[in-house]
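Each residue of the sequence shown is one higher than the last, beginning at 1 in the working numbering.
Backbone N, C-alpha and C define an ideal beta-carbon position, used for all residues, glycine too.
All of these numbers come straight from a predicted model, not from anything done at the bench.
Let me begin by presenting the structure, written as C-alpha cells, before commenting on it.
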Amino acid sequence: MSDSHVFHRQLRQPLPTAVAGRGVHLIDSAGRRYLDASGGAAVSCLGHGHPDVLAAMHAQLDRLAYAHTSFFTTEVAEALADDLIAHAPSGMSHVYLVSGGSEAMEAALKMARQYFVEIGQPERRHFIARRQSYHGNTLGALAVGGNAWRRAQFAPLLMDVSHVSPCYEYRDRHADETPEAYGQRLVQELADTIERLGQQTVLAFVAETVGGATAGVLTPVPGYLRGVRELCDRHGILLILDEVMCGMGRTGTLHACQHDGVVPDLLAVAKGLGGGYQPIGAVLVQGRVVDAFRHGSGLFQHGHTYIGHAMACAAALAVQRVIRRDGLLERVRHLGQRLESGLRERLGEHPHVGDIRGRGLFWGIEWVQDKCSRRPLDPALKTHARLKAAAFARGLMIYPMGGTVDGLHGDHVLLAPPFVCSDQDIDTLIDFLAATAEDVFLT
Ligand SMILES: Cc1ncc(COP(=O)(O)O)c(C=O)c1O
Numbered sequence: 001m002s003d004s005h006v007f008h009r010q011l012r013q014p015l016p017t018a019v020a021g022r023g024v025h026l027i028d029s030a031g032r033r034y035l036d037a038s039g040g041a042a043v044s045c046l047g048h049g050h051p052d053v054l055a056a057m058h059a060q061l062d063r064l065a066y067a068h069t070s071f072f073t074t075e076v077a078e079a080l081a082d083d084l085i086a087h088a089p090s091g092m093s094h095v096y097l098v099s100g101g102s103e104a105m106e107a108a109l110k111m112a113r114q115y116f117v118e119i120g121q122p123e124r125r126h127f128i129a130r131r132q133s134y135h136g137n138t139l140g141a142l143a144v145g146g147n148a149w150r151r152a153q154f155a156p157l158l159m160d161v162s163h164v165s166p167c168y169e170y171r172d173r174h175a176d177e178t179p180e181a182y183g184q185r186l187v188q189e190l191a192d193t194i195e196r197l198g199q200q201t202v203l204a205f206v207a208e209t210v211g212g213a214t215a216g217v218l219t220p221v222p223g224y225l226r227g228v229r230e231l232c233d234r235h236g237i238l239l240i241l242d243e244v245m246c247g248m249g250r251t252g253t254l255h256a257c258q259h260d261g262v263v264p265d266l267l268a269v270a271k272g273l274g275g276g277y278q279p280i281g282a283v284l285v286q287g288r289v290v291d292a293f294r295h296g297s298g299l300f301q302h303g304h305t306y307i308g309h310a311m312a313c314a315a316a317l318a319v320q321r322v323i324r325r326d327g328l329l330e331r332v333r334h335l336g337q338r339l340e341s342g343l344r345e346r347l348g349e350h351p352h353v354g355d356i357r358g359r360g361l362f363w364g365i366e367w368v369q370d371k372c373s374r375r376p377l378d379p380a381l382k383t384h385a386r387l388k389a390a391a392f393a394r395g396l397m398i399y400p401m402g403g404t405v406d407g408l409h410g411d412h413v414l415l416a417p418p419f420v421c422s423d424q425d426i427d428t429l430i431d432f433l434a435a436t437a438e439d440v441f442l443t
C-alpha cells in the first residue's frame, strides 16, 4: 500500500485488498472473510456475485456496453425507466438516469431551478434543507447537506442554503411532547423559514426520507413528512426527497416515502438501485414537472457523458427484477424484525448504547458516554472509528460516523445488511457486534 499510486480516501492508513465477493461476504487477498453487514455504504442489497445480475450484465456486454445519450436511447435504459415508473409513487412519469447519488442530487437541484424558470417563476432561488443531513460530496449536494464538519473547509465555495432542524427524536423531542406534536413543531420551523426567506423565493425543501450516513438513521415521526408536503403545496415549493441511501427497498418498502404515504416531486435514488454491480443513480420525476420542460424549452440543460449507461441500466434492471421475483421486500421486513429484536436484546442495556433506531434493514446505533443524560462520548476518543476497526478485525463490516449530534459530537454505527441474508447471518451479525462493543468499551 505504501507504494500505491491510488489516491485513497486516507493516505496514512493501509487497506486490505478485496479479491472476491460471495453472497454476504467479501474476501481479501489473505483469504479473510468479512460479513458485509453494511453493504459497504448501504449499497450491496443483493450481496456479492449474484448470478442473475451477473448473467444480465454479461448479456448486455455482449450486445452493447455504451451509446451516448445525445445520439441514442437504448432498450435497456427504456426498460429500466418503465420498470421504475411502474413501481414509483403516484404521479411519477419519468426517470433521469445518472451514475450515483451525488449526481442524482445535483440533477434534482438543477431540475428544480429550471422547472421554475420554465413556468415563469425565476425569482425562486433558495433551497431549504436540514442540519445533519448528507446529500453527497459534489458542491451543490454538499451545499444542501447539513453536516458542519463536511462543509467547513469548502464553505467559501458553497451556495447559500438555509438549514432547519433534522427530525431527531432521540435528542430533540421534549419529554412532555408527543411524537406528532414534535413533528408539527418541526413543520412550523420550516414554515417560519419559508416566511423569513419570502415564499416566492423558495425553490424546494430537500430532505432524506430517513436520515442516513451523517445522522445514523433518523426515522421521521408520524405526520412530519405529511406536514412538510402540505406546507410545500401551500407555497408552491417542490419537495425533493433523497432516498439515495434509504430507498430501493432498504427500509422494507421500495421507496421509503411509501411508508409515510408522502409523494415527493423529485425522488433521488442510487446505491441499492444497482446494488453495487454498476455505479448508477436516478431522479424520479413527477409528470407535471416533466410537462413544464416539455411545453417550455423542451430540454433539461444538464447531462453527463455516462448518463443512462447501458451496462449500469442492465445491472439495475436485474437487481430490481430479483427483488420482486424473490419477494425480497417481505424478506427485508422479516429480517429487519429479527435484527431489531436481536439488537435490543443484546445491546439495549449496554451502558454506552444511547439509541437503537431504524426500519427494515436500515439500523443505526448511537453510542453515548452516559445513557441517562445522553451525553456524547469525547470526540477525541474516536469511538466510531474504534468500533469500525474492532468489528473489521472480527470479520464484520459496519458503517460508522462521528459528529452525529452536531458535526463534532456523537458517534453512531450504521447497519445495512444485504436483503439476501439468512436468519443465521443476522444472528451472526448481532453476535459479532455485541463482541465488538465488548472489545471497544472494556479496553
Ligand atoms: C442520502 C445520500 N444522498 C447522497 C449520497 C451521495 O451518493 P454518492 O456517494 O453515490 O455520490 C449519499 C451517499 O452516502 C447519501 O447517503
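For residue j and residue i, the rounded distance between their alpha carbons
{"i": "Gln-200", "j": "Leu-231", "result": "13 Å"}
{"i": "Ala-181", "j": "Cys-167", "result": "12 Å"}
{"i": "Ile-128", "j": "Ala-204", "result": "6 Å"}
{"i": "Ala-318", "j": "Ala-56", "result": "6 Å"}
{"i": "Met-248", "j": "Trp-367", "result": "28 Å"}
{"i": "Arg-226", "j": "Asp-265", "result": "13 Å"}
{"i": "Leu-408", "j": "Ala-380", "result": "10 Å"}
{"i": "Ala-393", "j": "Gly-276", "result": "23 Å"}
{"i": "Gln-13", "j": "Phe-116", "result": "46 Å"}
{"i": "Glu-189", "j": "Gly-236", "result": "17 Å"}
{"i": "Tyr-96", "j": "Leu-80", "result": "11 Å"}
{"i": "Gly-145", "j": "Asp-425", "result": "34 Å"}
{"i": "Val-228", "j": "Asp-192", "result": "12 Å"}
{"i": "Leu-241", "j": "Val-161", "result": "16 Å"}
{"i": "Arg-450", "j": "His-126", "result": "One cannot answer for residue 450 here, as it falls past the ends of the chain, which runs 1 to 443."}
{"i": "Pro-222", "j": "Val-187", "result": "12 Å"}
{"i": "Leu-61", "j": "Ala-77", "result": "14 Å"}
{"i": "Gly-39", "j": "Thr-178", "result": "34 Å"}
{"i": "Gly-354", "j": "Pro-376", "result": "9 Å"}
{"i": "Ser-373", "j": "His-352", "result": "11 Å"}
Buried or exposed by the 16-neighbour rule on C-beta atoms within 10 Å, applied to residue i
{"i": "Pro-418", "result": "buried"}
{"i": "His-174", "result": "exposed"}
{"i": "Cys-313", "result": "buried"}
{"i": "Ser-297", "result": "exposed"}
{"i": "Gly-281", "result": "buried"}
{"i": "Arg-124", "result": "buried"}
{"i": "Leu-299", "result": "exposed"}
Residues bridged to residue i [DSSP beta-bridge criterion]
{"i": "Ser-456", "result": "There is simply no residue 456 to check, as the chain begins at 1 and stops at 443 in what is shown."}
{"i": "Ala-59", "result": "Ala-59 is not bridged to any residue."}
{"i": "Trp-367", "result": "Val-353 and Asp-411"}
{"i": "Val-285", "result": "His-94 and Leu-266"}
{"i": "Ala-18", "result": "Asp-28"}
Residue i: CB within 7 Å of a non-hydrogen atom of ligand 1
{"i": "Ser-162", "result": "no"}
{"i": "His-304", "result": "no"}
{"i": "Asp-242", "result": "yes"}
{"i": "Met-397", "result": "no"}
{"i": "Tyr-134", "result": "yes"}
{"i": "Glu-208", "result": "yes"}
{"i": "Ala-435", "result": "no"}
{"i": "Ser-102", "result": "yes"}
{"i": "Gly-336", "result": "no"}
{"i": "Met-105", "result": "yes"}
Within 8 Å, strictly: CB atoms of residue i and residue j
{"i": "Arg-130", "j": "His-163", "result": "yes"}
{"i": "Gly-336", "j": "Leu-414", "result": "no"}
{"i": "Cys-246", "j": "Val-202", "result": "no"}
{"i": "Gly-212", "j": "Ala-42", "result": "yes"}
{"i": "Arg-338", "j": "Asp-423", "result": "yes"}
{"i": "Ile-119", "j": "Ala-256", "result": "no"}
{"i": "Ala-88", "j": "Leu-284", "result": "yes"}
{"i": "Val-322", "j": "Val-24", "result": "no"}
{"i": "Arg-333", "j": "Gly-308", "result": "no"}
{"i": "Gln-286", "j": "Met-159", "result": "no"}
{"i": "Ala-434", "j": "Arg-325", "result": "no"}
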